[in-house]
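All residue numbers for the sequence shown refer to my numbering, where the first residue is 63 and numbers rise by one.
Think of the CB as a built atom: it goes at the ideal place given N, C-alpha and C, for glycine as much as any other residue.
Here is the structure we will look at, set down as structure tokens.
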Amino acid sequence: MTSTGISSGITPLYDADTGGIGVGTRQEAATAITVLDAATNLVSAARAQLGAQQNRMESQVRSLSVAAEKTSAATSVITDADIASEVSEVIRADILMRAATSILAQANQSPSVALQLPR
């Protein structure tokens with residue numbers, strides 16, 4: 063079975079044969095140190111891979127956070143623009159209605175003014 067990605071550097075640690083390591087003689091101790099150094103190097107390499115992956119993920123999180131914030135700001139601007147547009151339309155309609163009411167009131171008064179003139 064082959065490993066890919068982050069776990070690819072960790073597999074040799076599981077496969078390491080540590081059952082025969084001993085420190086009874088000088089040669090066995092030297093061999094044990096060599097095996098442990100190799101295992102330490104593998105752990106360091108795996109930590110470096112994990113650290114690099116974590117840095118990439120944190121960078122993506124920051125990037126996505128900025129994108130979400132910008133999207134929220136844009137949505138707010140669009141919503142505010144729509145509200146401003148609707149408010150101005152309501153005010154426009156109100157002004158037109160008041161003008162029409164005023165014109166009708168003046169038109170309704172005109173016949174009575176005209177009737178009062180001959181007196």
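Inset, instruction - Note down the Cα distance separating Ser150 from Asn170, rounded to an integer number of angstroms. - result: The residue you call residue 150 lines up with position 88 of the sequence shown. The residue you call residue 170 lines up with position 108 of the sequence shown. Rounded to the nearest angstrom, the two C-alpha atoms are 30 Å apart.
Inset, instruction - Look at Ala94 and Val85 and say whether their C-beta atoms are less than 8 Å apart. - result: Locating residue 94 in the sequence shown gives position 32, where the first residue counts as 1. Locating residue 85 in the sequence shown gives position 23, where the first residue counts as 1. Yes, Cβ-Cβ distance for Ala94 and Val85 is below 8 Å.
Legend entry - Pairwise C-alpha distance: Ser127 and Ser121: Position 59 of the sequence shown holds residue 121. Position 65 of the sequence shown holds residue 127. In a straight line, the C-alpha of Ser121 is about 10 Å away from that of Ser127.
Legend entry - Inter-residue Cα distance where the pair is Asp142 and Arg160: Residue mapping note: residue 142 aligns to position 80 of the sequence shown, counting from 1. Residue mapping note: residue 160 aligns to position 98 of the sequence shown, counting from 1. Between Asp142 and Arg160, the C-alpha separation is close to 27 Å.
Inset, instruction - Count the other CB atoms, across all protein chains shown, that sit within 10 Å of the CB of Met63; report buried if there are 16 or more and exposed otherwise. - result: As a first step, residue 63 must be located in the sequence shown, where it is residue number 1. Confidence in Met63 is poor, its pLDDT being 46 and thus under 50, which makes the residue's placement unreliable; the coordinate value appears in the next sentence. By the neighbour-count rule (16 or more Cβ atoms within 10 Å), Met63 is not buried but exposed.
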